[in-house]
Every structure is written in structure tokens, then in C-alpha cells.
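Numbering (this note's numbering), first residue to last: 24 to 167.
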């Protein structure tokens with residue numbers, strides 16, 4: 024009997040997207056907490072210092088890469104669909120955030136995150152797939 028590869032379920036793809044985005048969100052929250060303790064001016068000043076946006080821009084880029092990696096890890100063979108869904112979700116949320124913070128955050132910061140997010144998520148996903156080749160779960164084809 025020939026073996027055919029099993030398709031990943033839509034639930035696995037959705038879970039991979041949620042896990043990828045939640046990982047990134049938790050890392051961002053921890054970064055904000057750590058920066059709040061290290062640089063108290065962030066919490067107390069009226070204007071956010073420029074160094075804050077530099078540090079957060081760099082860490083957010085790293086976290087987008089990690090999110091792509093985690094998404095591909097949990098999506099298994101459906102890593103392309105899950106990564107694309109994660110990119111679309113992240114860009115939609117980033118556009119909404121950029122629109123709402125257009126007058127409070129530097130424009131370069133918002134635009135840089137919008138431009139860097141998709142390739143970084145894709146690169147993280149590709150690193151996972153190249154590092155650990157994805158082997159589909161094989162099932163026996165039933166003879167009818």
C-alpha cells in the first residue's frame with residue numbers, strides 16, 4: 024500500500040499563528056517591564072526618550088523573528104500557510120497601532136516596524152524549516 028502525507032488541520036495552523044503571536048506579545052511585555060525598571064524616565068516623563076524607540080525597535084525585530092520560528096515549529100508541514108497568516112495578522116495589528124500612535128511615536132519607528140515585520144517573520148520560519156527538515160506524518164492509504 025502506498026503512503027500519502029497527512030495534511031495538517033486548520034486548527035493546527037490557527038494554533039501555530041496564535042502561539043507565534045502570543046510568544047512575540049509576551050516577549051514585548053517582558054521587555055517593557057524590564058525597560059521600565061532600568062530606565063525610570065520611560066514611566067515618569069511626558070515625552071518618551073528616543074533611545075526607548077531604538078531599543079524597542081531592535082527587540083521587536085528580534086521578537087518577530089522568534090515568532091516566525093515558533094509558528095513554523097508548531098505548524099509542521101503547513102508552515103507556509105501559518106507563516107503567511109501570522110504575517111497578515113501582525114501587519115493588520117501593526118497598521119492599527121501605527122494609525123493610533125502616529126502623533127505620539129516617531130514615524131520612522133512605525134514605518135520601520137511595518138516594513139521589517141514580514142521579512143523577519145518569514146526568515147524565522149525559514150530558519151526553523153532549514154534547521155529541522157519538516158517530515159509529514161505518513162498514513163496508509165486505504166485500498167477501496
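Beta carbons are placed, not taken as given, at the ideal position from N, Cα and C, and that holds for glycine.
Quick check on the burial criterion: 16 or more other C-beta atoms within 10 angstroms. Buried or exposed for residue 90? Buried is the call here.
Helix or strand or just coil, what does DSSP make of residue 72? Looking at residue 72 - three-state DSSP - the assignment turns out to be coil, as it is neither helix nor strand.
Measure the Cβ-Cβ separation of residue 136 and residue 84 and say whether it is below 9 Å. It is a contact, given that the beta carbons lie within the stated cut-off.
Span separating the alpha-carbon of residue 58 from that of residue 37: Near 32 Å, if we compare the C-alpha coordinates of residue 37 and residue 58.
Kindly indicate which residue of 78, 113 and 131 has the alpha-carbon position closest to the one of residue 45. Scanning 78, 113 and 131 for the CA closest to the CA of residue 45 turns up 113.
Three-state secondary structure assigned by DSSP to residue 129: The answer is coil: DSSP assigns residue 129 none of H, G, I, E or B.
Can you check which of these residues, 71, 118, 70 and 65, is closest to residue 139 by C-alpha distance? Ranking the options by Cα distance to residue 139, first place goes to 118.
Inter-residue Cα distance where the pair is residue 43 and residue 66: One C-alpha to the other measures close to 28 Å.
CA-CA distance, residue 143 and residue 72? CA-CA distance, residue 143 to residue 72, rounds to 26 Å.
What's the call for residue 147, buried or exposed, on a 16-neighbour Cβ count within 10 Å? Flag for residue 147 reads buried.
Could you tell me the distance, in whole angstroms, from the CA atom of residue 12 to the CA atom of residue 125? Outside the shown range of the chain (24 to 167) lies residue 12, about which nothing can therefore be said.
What is the C-beta distance between residue 133 and residue 121, in whole angstroms, given that I count them as a contact (C-beta under 8 Å)? Contact between residue 133 and residue 121 holds: CB atoms are separated by about 4 Å, below the 8 Å threshold.
Short of 7 Å in beta carbon distance, which residues of its chain neighbour residue 93, apart from the five on each side in sequence? Order them along the chain. Excluding sequence positions up to five before and after residue 93, its CB lies within less than 7 Å of the CB of 42, 43 and 46, all in the same chain and listed in chain order.
Tell me the DSSP secondary structure of residue 10 in three-state form. With the chain covering 24 to 167 only, the question about residue 10 has no answer from this structure.
Output yes or no for whether 9 Å exceeds the beta carbon distance between residue 102 and residue 39. Yes, they are a contact pair.
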